[in-house]
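Before any comments, here is the structure.
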Amino acid sequence: MSGLGELEWNETYREQYLVQYLGPKHLPYQSLIPISIVYGLIFICGLVGNFSTCIVIYKAHYMRTSTNYYLFNLAISDMATLIFDGIPTVFLPLVLLIFWEFRLPHLLARLESINDGAAFLFFVPR
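Quick note on full-length UniProt numbering: the sequence shown kicks off at 1 and runs consecutively.
Written out as C-alpha cells, the structure is:
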C-alpha cells in the first residue's frame with residue numbers, strides 16, 4: 001500500500017475501533033434535544049429562584065439576620081455554580097459535537113473546581 005492509502009485505512013480502522021469500544025462520540029438528536037431542554041429549565045428556574053432570594057433579603061431590612069445572610073451567600077454561590085457549571089452542562093453535548101478535539105471537557109472541569117473553591121471564600125459584607 002502507498003503511504004496515503006495506509007493512512008486513510010488506519011484512520012478508518014481507528015474510528016471503527018473507537019465506536020465499537022467506546023460508543024458514538026455524541027448522543028442522537030432524539031435524546032439530545034429533551035436533555036438540553038430539561039437542563040435549560042433547571043438552569044432558568046435556579047437563576048430565577050436564587051435571584052429572587054437575593055432581592056428579597058436585600059430589599060427587606062427586617063430579614064437581615066445572620067441566617068438570612070447565610071442564605072444570601074448560598075444563593076450567590078448557587079448562581080455562580082449555575083452560571084459556571086450550568087451553562088456548559090446545558091450546551092455540553094452540542095459543544096462537544098463541535099469542539100471535540102480542543103479538549104473542552106478538561107477546561108470545564110478546571111473551571112468547575114475553581115468555582116467550587118471560590119464558593120467557600122465568598123462572604124456577604126454587612
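Even glycine gets a Cβ: it sits at the ideal position worked out from N, Cα and C.
It should be emphasised that the depicted structure is a prediction, and the values quoted were computed from it without experimental measurement.
Same chain, Cβ closer than 8 Å to Asp78, five either side skipped, listed in chain order | Gly46 and Asn50
Measure how close the beta-carbons of Phe43 and Cys54 come, nearest whole angstrom, since I'm counting them as under 8 Å.
-> That belief does not hold up - the Cβ atoms of Phe43 and Cys54 are roughly 17 Å apart, past 8 Å.
What is the rounded straight-line gap between the Cα of Gln16 and the Cα of Gln30?
-> 23 Å
With DSSP as the reference, label Pro23 as helix, strand or coil.
-> The sequence given here has Gly at residue 23, not Pro. Correct three-state label for Gly23: coil.
Helix or strand or just coil, what does DSSP make of Ala60?
-> coil
Could you tell me the distance, in whole angstroms, from the CA atom of Leu18 to the CA atom of Pro24?
-> 8 Å
What are the boundary residues of the alpha helix (DSSP H) that includes Ile83?
-> Per DSSP, Ile83 belongs to no alpha helix (DSSP H) and is neither H nor E.
Rounded C-alpha distance that separates Leu41 from Ile83 = 13 Å
Helix, strand or coil: which one does DSSP assign to Pro28?
-> Correct three-state label for Pro28: coil.
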